[in-house]
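**Student:** Quick one: the structure is below, and I'll ask about it shortly.
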Amino acid sequence: MAVRRAPSRRGWGLKERELPLTALRAFAVAARSRNLAAAADQLGVTHGAVSKQIATLEARLGQSLFVRHRRSLELTPYGRVLAERVSEAMRDIAAACDYVRRDRSRRAISVEAPATFAMYFLLPRIKAFEALHPSVSVWISTRVTGQPADLLNHDVVISRGPLEHGLARTGRPRLLFTESLTPVGAIPLLRRMPVRRPKDVAGHATIASASRPGEWEDWFARAELGKPMIEGGHRFDHLNVALHAVRDGLGLTIAPLQFFNDATRPYGLRCPLPRIVIPGRSYFAQSTHKPGTADAETFMTWLQDLCEADDA
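Reading the sequence shown from the start, the letters are residues 24 to 335 in the working numbering.
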């Protein structure tokens, strides 16, 4: 007759629904006070109730957690490990609840945007919106080129080009602006090697991004500089990465003029030839019809007005 082996306990773990939360809370208070009567007083229950919860927890875990003396408790080695982790978790939970309770006068809207738009256009301006609407917090998340928009977990989605949303219900797209693409460089670099005329660009390294092919060539044609000989040099997968290289003073790249107007100039970047631009793609904002649509509409109206003012 074959002998059945007991299943291995490796990888076993309690699921969330199986966590004895009441018993863990009783244990954490008892571990802190080292006295059942004091723990019962803090929890507002009887001495017997605390003792029963701890006994239940020890039975579930298969380990003794306390060594009991006449009037005090001493943690076992396993009890010390559990007390440290549980106490830390309880503090985190209490802090999170306190934050939410303290912030209950504010409402949050979640906005997803392309990474470069979020970093160079939205983040430098978001405090201005929250100053106008102190009861609303804006939480921003990003996505990279080619990544689909997350319509389920955000109130507002911003897209470069029309949004592909399949069967998801969204509000009407609002045009924010159409890119005016032009060279951008770090202010210290432009002070050391000024760009006052289009031909001055030739003295700088040109940094390209694979997600925006052909933009340098189009700008050189617009500036009547002929076809550039762009060989070697830095070429990154996304504009967001290319702009990091520009911030480090490694050269110039092509980017939307709207990201670097005089009001913000984020990260010490500037467009030296703002009148020589080529058109790029358009940015749109639309709501996802989640609860809290009124705040989302308020945010999009503010953003649209801001973009119109910048264009003017």
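Beta carbons are placed, not taken as given, at the ideal position from N, Cα and C, and that holds for glycine.
(1) Under the DSSP definition of a beta bridge, which residues are partnered with VAL161?
(2) Taking DSSP as the reference, what is the three-state secondary structure of ALA170?
(3) Rounded to the nearest angstrom, what separates LEU213 and ALA231 at their Cα positions?
(4) The alpha helix (DSSP H) that contains GLN76, what's its start and end?
(5) Within 8 angstroms, do at least three Cβ pairs link the segment 266-275 to the segment 299-316?
(6) If you measure between the beta carbons of ALA209 and LEU292, is that distance less than 9 angstroms?
(7) Taking the beta carbon of THR69 as the centre, do at least 16 other beta carbons fall within 10 Å, making it buried, or is it exposed?
(8) Which partner residues does ARG91 have in the DSSP bridge list?
(9) Do you know whose CA, among PRO221, LEU42, ARG183, ASP334, lies nearest THR165's CA?
(10) Measure the alpha-carbon distance for PHE283 versus ARG48 and round it to whole angstroms.
(11) If you draw a straight line from the alpha carbon of THR276 to that of ASP328, how long is it in whole angstroms?
(12) Let me know the beta strand (DSSP E) ranges lying completely inside the segment 208-287, each 3 residues or longer, listed in chain order.
(13) By a C-beta neighbour count over all protein chains shown, 10 Å radius and 16 as the cutoff for buried, is THR324 buried or exposed?
(14) Return the bridge partner residues of SER203 from the DSSP annotation.
(15) Identify, in the order they occur along the chain, each residue of the same chain with its Cβ nearer than 6 angstroms to the Cβ of ALA60, setting aside the five sequence neighbours on each side.
(16) Relative to the C-alpha of GLU238, which candidate in ARG270, PRO217, SER203, ASP223 has its C-alpha closest?
(17) Could you tell me whether the segment 88-102 touches the segment 50-67, using the rule of 3 or more Cβ pairs below 8 angstroms?
(18) Taking the beta carbon of PRO157 as the centre, do at least 16 other beta carbons fall within 10 Å, making it buried, or is it exposed?
(19) Assign GLY169 to one of two classes, buried (16 or more other C-beta atoms within 10 Å of its C-beta) or exposed (fewer than that).
(20) Given ILE301, which residues of its chain have a CB within under 6 angstroms of its CB, disregarding the five upstream and five downstream residues?
(21) Which residue's Cα is closest to the Cα of VAL159: GLU331, ALA78, PHE322?
(22) Rounded C-beta distance between VAL207 and CYS294? I'm assuming under 8 angstroms.
(23) Pick from ARG108, TRP162, MET113, VAL109: whose alpha carbon is nearest that of ARG129?
(24) Would you say ALA225 and PHE259 are within 9 angstroms of each other, going by their C-beta atoms?
(25) Is LEU198 helix, strand or coil by DSSP?
(26) Note down the Cα distance separating VAL179 from PRO236, rounded to an integer number of angstroms.
(27) Could you tell me the alpha carbon to alpha carbon distance between PHE307 and ALA112, rounded to whole angstroms?
(28) With DSSP as the reference, identify every bridge partner of ALA308, one or two as the case may be.
(29) Specify the secondary structure class of LEU292 as computed by DSSP and reduced to three states.
**Tutor:** On the basis of the data shown:
(1) VAL161 is bridged to ILE132.
(2) Reading the sequence as shown, one finds Gln at residue 170 and not Ala. Note: GLN170 maps to coil in three-state DSSP.
(3) Distance between the alpha carbons of LEU213 and ALA231 is about 18 angstroms.
(4) Per DSSP, GLN76 belongs to the alpha helix (DSSP H) from 70-84.
(5) Output reads no: the segment 266-275 does not touch the segment 299-316.
(6) Yes. Within cutoff.
(7) Exposed: under 16 other Cβ atoms inside 10 Å.
(8) Secondary-structure assignment with DSSP links ARG91 through a beta bridge to LEU96.
(9) That would be ARG183, whose Cα lies nearest to the Cα of THR165.
(10) Distance between the alpha carbons of PHE283 and ARG48 is about 53 angstroms.
(11) Roughly 28 angstroms separates the two Cα atoms.
(12) Runs of the beta strand (DSSP E) inside the segment 208-287: 229-232, 275-279.
(13) Classification for THR324: exposed.
(14) Per DSSP, PRO302.
(15) For ALA60, where only same-chain residues beyond five positions count, the Cβ hits under 6 angstroms are HIS70.
(16) It is SER203 whose Cα lies nearest to the Cα of GLU238.
(17) Here the segment 88-102 makes contact with the segment 50-67; the two share three or more CB pairs at distances below 8 angstroms.
(18) With fewer than 16 neighbouring CB atoms inside 10 Å of its own CB, PRO157 falls in the exposed class.
(19) For GLY169, the number of other beta carbons within 10 angstroms of its own is below 16, and it is reported as exposed.
(20) Excluding sequence neighbours, ILE301 sits near LEU204, ASP241, TRP242, ARG245.
(21) Selected option, being the one with the closest Cα: PHE322.
(22) Contact between VAL207 and CYS294 holds: their C-beta atoms lie close to 5 angstroms from each other, under 8 angstroms.
(23) When only C-alpha atoms are compared, the closest one is TRP162.
(24) 9 angstroms or more divides the Cβ of ALA225 from the Cβ of PHE259.
(25) Correct three-state label for LEU198: strand.
(26) About 28 angstroms.
(27) PHE307 and ALA112: Cα-Cα distance of roughly 42 angstroms.
(28) Under DSSP, ALA308 forms a beta bridge with ILE181, ARG197.
(29) Strand at LEU292.
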